[in-house]
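Peer 1: Numbering-wise, the sequence shown is residues 0 to 66 according to numbering that gives the first Met the number 0. Using N, Cα and C, we set each Cβ at its ideal position, and we do this for glycine too. To start, I am sharing the structure in question, which I have written as structure tokens.
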Amino acid sequence: MVRDFIGKGGIELEIWAVPLAAAGSFLTEVASPLGIGTITLDDGGQVKGFVCETYAVAHARDITNFG
């Protein structure tokens, strides 16, 4: 995910509850260009989720229209 300040649309999310005790080992498996960042929901709430490092965005296809 890449934050869009232009307001083109959104992506439907599936929110999981990951036990805090398991979070550390999970994070070690997240490979570049993925990272964990703050995702803002439609209701203004925020959750942690997958984001993309900026270097990988330069030639990436915008898939927002897929929802």
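Could you give the first and the last residue of the continuous beta strand (DSSP E) run that contains Gly34?
Peer 2: 33-39
Peer 1: Out of Gly36, Ala20, Thr53, Val29, state which residue places its alpha-carbon closest to the alpha-carbon of Gln45.
Peer 2: Comparing Cα positions, the closest option is Gly36.
Peer 1: So Val56 and Gly34 are in contact, right, with Cβ under 8 angstroms, and what is the actual spacing, rounded?
Peer 2: In fact, because the Cβ distance is near 12 angstroms, the residues do not count as touching under 8 angstroms.
Peer 1: Measure the C-alpha to C-alpha separation of Arg2 and Glu52 and round it to an integer number of angstroms.
Peer 2: 11 angstroms
Peer 1: Give the secondary structure of Gly48 by DSSP, where H, G and I count as helix, E and B as strand, and everything else as coil.
Peer 2: strand
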